[in-house]
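**Student:** So the sequence shown is numbered by our numbering: it starts at 1 and just counts up by one.
Just so you know, even glycine gets a beta-carbon here, dropped at the ideal spot from N, CA and C.
This structure is in structure tokens; I'll ask about it shortly.
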Amino acid sequence: MIKEHRAKQSRGSWVESANVEGCDFPIENLPFGKYYLPADASKAGRIGIAIGDQILDLISLATCTNTPLEFESAFALLVQGDMNAWMATSDSIQTQFRSWITHLLEKENTSHKQLASALLPQASVVMLLPCKVGDYTDFYSGIHHATNVGKMLRPDAPLSPNYHWLPVGYHGRSSSLIPSGVPVIRPRGQTRASDGKPPYFQASRRLDYELELGVLIGKGNQLGTPISITQAEEYFFGMCILNDWSARDMQAWEATPLGPFLAKSFATSISPWIITKAALAPFRTALQRSDPKQATLPYLDCVNNQASGAIQIYLEVLLQTQEMRTAGLAPYLLAQSEYSGAAYWTIAQLIAHHTSNGCNVTAGDLFGTGTLSGPTPESAGSLLELSQGGKAPISLPSGQTRTFLEDGDTVIMNAFCAHENAVRIGFGQCINTVVASH
């Protein structure tokens, strides 16, 4: 279970909601998001920065303050709504911009009355995907999840021989990425029949979530030019929550021999705010391995990655059925886990491996970490694990049970970073409701 953390006190902002204890978006966070106002003629979206329960709208900010010359042209990219181009700018530019925004929002800023006109309530906007995702790769770096699922299929050898040597991954569909708040339509597909009969084509009866984090790429590399493990962090922009929706019955039938296809490609949802690597920096920690004697090939290993390649991020997943909402019952906590203890491979290792053959990545590319289950039953990151493959129904406060998701079920994912020497920051939420197949 996630323990309580004594966090360092925030430096404070004149946006009072950012100073509330437990706030996801204090001045130490400053994540980027894309959204539109219901009254906007264009729904293409504008870019803003979350602060408390408000958004610092960058179009409005440009009209009420002077932009420093050293990043004036880069700031124009944000004002124009080009998040991908901003993500590809240098770490130096992004650091200077972050310092400027921090100065504008800090409690001591005497011009805050003028800047207040650039604030929008988060509740007043419609959030979009935070950037354009050209390519999406889902990894399998959650070793406890891989072990749990492997035991269901191969009790004597749950992990494949390559698992400890390389980050296993597959290419997903960026076209079916959706933001938090968008309904997930129950997929239809082939499922295995019994007694040698032909397979069925029907709505999935074993719909599941997977609790993951998303890694977003900043600047890209040239085709044919691998990114070394020592340089990989330069290509990392930030993170979000990711729900890798999975149709287990479809997956079981189609996965041989090339892995999941339609069982995954119908939807992947992400939270709307990108938590930047600068905000995550205070929560860096050493790479944790349950098998420290396991060798790592040189292209995936360096001193800095061992010392600070992991990040302490706490995650949780909750479920609220339609009946629970009707009865006024709060969402039910299903599981909690922690990223650095769940992931066998770090972000730098994912980037280095993905590009080791010369594959190019570009700004906005998305990597899924893989399901981040912990080592205990209550830290399992999917219903497949929690229900032991559907054999152990989960009891809910409403008196209902679940082995897999039903229509009307809402899945809520939260993530946050906390440490006694740093200010707590959050990721916001990734919330989606399952609706019936069309």
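Measuring CB to CB, does residue 353 end up less than 9 Å from residue 216?
**Tutor:** No, these two residues do not count as a Cβ contact at 9 Å.
**Student:** When you compare the CB positions of residue 316 and residue 8, do they come within less than 9 Å of one another, or not?
**Tutor:** Cβ atoms of residue 316 and residue 8: not closer than 9 Å.
**Student:** State the DSSP-derived secondary structure class of residue 243, mapped to helix, strand or coil.
**Tutor:** Residue 243 falls in the strand class under three-state DSSP.
**Student:** With DSSP as the reference, label residue 274 as helix, strand or coil.
**Tutor:** Correct three-state label for residue 274: strand.
**Student:** Does the distance from the C-beta atom of residue 296 to that of residue 142 stay below 9 Å?
**Tutor:** Not a contact, by the Cβ cut-off of 9 Å.
**Student:** Pairs of beta-carbons, one from the segment 115–129 and one from the segment 252–259, closer than 8 Å: are there three or more?
**Tutor:** Output reads no: the segment 252–259 does not touch the segment 115–129.
**Student:** Quick check: residue 430 and residue 242, are their CB atoms within less than 9 Å of each other?
**Tutor:** A contact, by the Cβ cut-off of 9 Å.
**Student:** So is residue 424 buried or exposed if we call it buried at 16+ other beta carbons inside 10 Å?
**Tutor:** It is buried - the Cβ of residue 424 has at least 16 other Cβ atoms within 10 Å.
**Student:** What are the boundary residues of the alpha helix (DSSP H) that includes residue 149?
**Tutor:** First-last of the alpha helix (DSSP H) with residue 149: 143–153.
**Student:** Check whether the Cβ atoms of residue 171 and residue 138 sit closer than 9 Å, and answer yes or no.
**Tutor:** Contact: yes.
**Student:** Note the first and the last residue of the continuous alpha helix (DSSP H) segment covering residue 140.
**Tutor:** Note, residue 140: premise wrong, no alpha helix (DSSP H); not H, not E.
**Student:** Just to confirm, are residue 149 and residue 158 a CB contact at a threshold of 9 Å?
**Tutor:** In this structure, residue 158 lies closer than 9 Å to residue 149 by Cβ.
**Student:** Taking the alpha-carbon positions, what's the residue 436 to residue 160 distance?
**Tutor:** Straight-line Cα distance between these residues: approximately 36 Å.
**Student:** Leaving out five residues on either side along the sequence, give the residues of the same chain with a beta carbon under 7 Å from the beta carbon of residue 115.
**Tutor:** Around residue 115: 64, 65 and 104.
**Student:** Taking all protein chains shown into account, decide if residue 15 is buried (16 or more other Cβ within 10 angstroms of its Cβ) or exposed.
**Tutor:** Counting Cβ neighbours within 10 Å, residue 15 comes out buried, since at least 16 surround it.
**Student:** Any idea if residue 434 is buried or exposed, counting beta-carbon neighbours within 10 angstroms, 16 or more meaning buried?
**Tutor:** Buried, by the Cβ-count rule.
**Student:** Go ahead and label residue 154 buried or exposed: buried means 16 or more other beta carbons lie within 10 angstroms of its beta carbon, across all protein chains shown.
**Tutor:** Exposed: under 16 other Cβ atoms inside 10 Å.
**Student:** Could you check what DSSP says for residue 183 in three-state terms: helix, strand or coil?
**Tutor:** It is coil, neither helix nor strand.
**Student:** Which of helix, strand or coil does DSSP assign to residue 385?
**Tutor:** Three-state DSSP puts residue 385 in a helix.
**Student:** Give the range of the alpha helix (DSSP H) segment to which residue 341 is assigned.
**Tutor:** From DSSP, the alpha helix (DSSP H) with residue 341 extends over 339–342.
**Student:** At the level of alpha carbons, what is the spacing between residue 17 and residue 199?
**Tutor:** Computed Cα separation, rounded: 55 Å.
**Student:** By Cβ distance below 8 Å, which residues in the same chain neighbour residue 174 in space, the five residues on each side in sequence not counted?
**Tutor:** Cβ within range, chain order: 133, 134, 135, 136 and 366.
**Student:** In whole angstroms, what is the alpha-carbon distance linking residue 475 and residue 152?
**Tutor:** Absent from the model: residue 475. The displayed extent of the chain is 1 to 438, so no value can be given.
**Student:** For residue 71, collect the residues of the same chain with a Cβ closer than 6 Å to its Cβ; drop the 5 residues on either side in sequence, then sort them by chain order.
**Tutor:** 93, 96 and 97, listed in sequence order.
**Student:** Is residue 207 closer than 9 Å to residue 248 when the C-beta atoms are compared?
**Tutor:** It is a contact, given that the beta carbons lie within the stated cut-off.
**Student:** Which runs of the beta strand (DSSP E) fall wholly inside the segment 62–123 and span at least 3 residues, in chain order?
**Tutor:** Fully enclosed beta strand (DSSP E) runs of 3 or longer: 119–121.
**Student:** Mind reading off the beta-carbon distance from residue 300 to residue 411? Whole number of angstroms is fine, and I expect it under 8 Å.
**Tutor:** Actually they are not in contact, since the Cβ atoms of residue 300 and residue 411 sit about 33 Å apart, beyond 8 Å.
**Student:** Apply the 10 Å Cβ neighbour rule to residue 238 and answer buried if 16 or more other Cβ atoms are within range, or exposed otherwise.
**Tutor:** Result: buried.
**Student:** Assuming residue 188 is part of the beta strand (DSSP E), what are its boundary residues?
**Tutor:** Its beta strand (DSSP E) spans residues 188–191.
**Student:** Do residue 265 and residue 285 come within 9 Å of each other at the CB atom, strictly closer than that value?
**Tutor:** Against a cut-off of 9 Å, the Cβ pair of residue 265 and residue 285 comes out as no contact.
**Student:** Could you please give the first and the last residue of the uninterrupted alpha helix (DSSP H) stretch that includes residue 305?
**Tutor:** Per DSSP, residue 305 belongs to the alpha helix (DSSP H) from 303–308.
**Student:** What's the C-alpha gap between residue 181 and residue 298?
**Tutor:** Those two C-alpha atoms are separated by around 42 Å.
**Student:** In this structure, how does DSSP classify residue 326 when only helix, strand and coil are distinguished?
**Tutor:** Residue state, collapsed to three classes: helix.
**Student:** If you draw a straight line from the alpha carbon of residue 292 to that of residue 306, how long is it in whole angstroms?
**Tutor:** If I take the Cα positions, the gap works out to 11 Å.
**Student:** Below 8 Å, how does it come out for the segment 48–59 and the segment 328–348: are there three or more Cβ pairs, yes or no?
**Tutor:** Cβ pair count under 8 Å is below three, so no.
**Student:** List the DSSP bridge partners of residue 361.
**Tutor:** Note: residue 361 sits in no beta bridge, so no partner.
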